[in-house]
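Numbering (our numbering), first residue to last: 31 to 99.
See structure below.
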């Protein structure tokens, strides 16, 4: 499966990484965890719970960051 992100979602992800890097030097770790999560999504797009019709939520557990897709 191919994953595409909305431009606003990409900006939000980058902003979160920059913030985490500024306050805790964890920006790269955050992006690594996101990339790992996205890789899992490509293999099994339905691995996260459905929260509405056709809407699922993923969580980057280490950072308690919600990703809707």
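Yeah, the Cβ is synthetic: ideal placement off N, Cα and C, and Gly gets one too.
*Are residue 33 and residue 90 close, meaning C-beta to C-beta below 9 Å?*
no
*Alpha-carbon spacing of residue 81 relative to residue 75, whole angstroms*: 14 Å
*For residue 84 and residue 31, the rounded distance between their alpha carbons*: 16 Å
*Determine the extent of the alpha helix (DSSP H) in which residue 38 is found, giving its start and end residues.*
37 to 54
*Whose C-beta lies closer than 7 Å to the C-beta of residue 64 among residues of the same chain, with five residues either side of it excluded?*
43, 90
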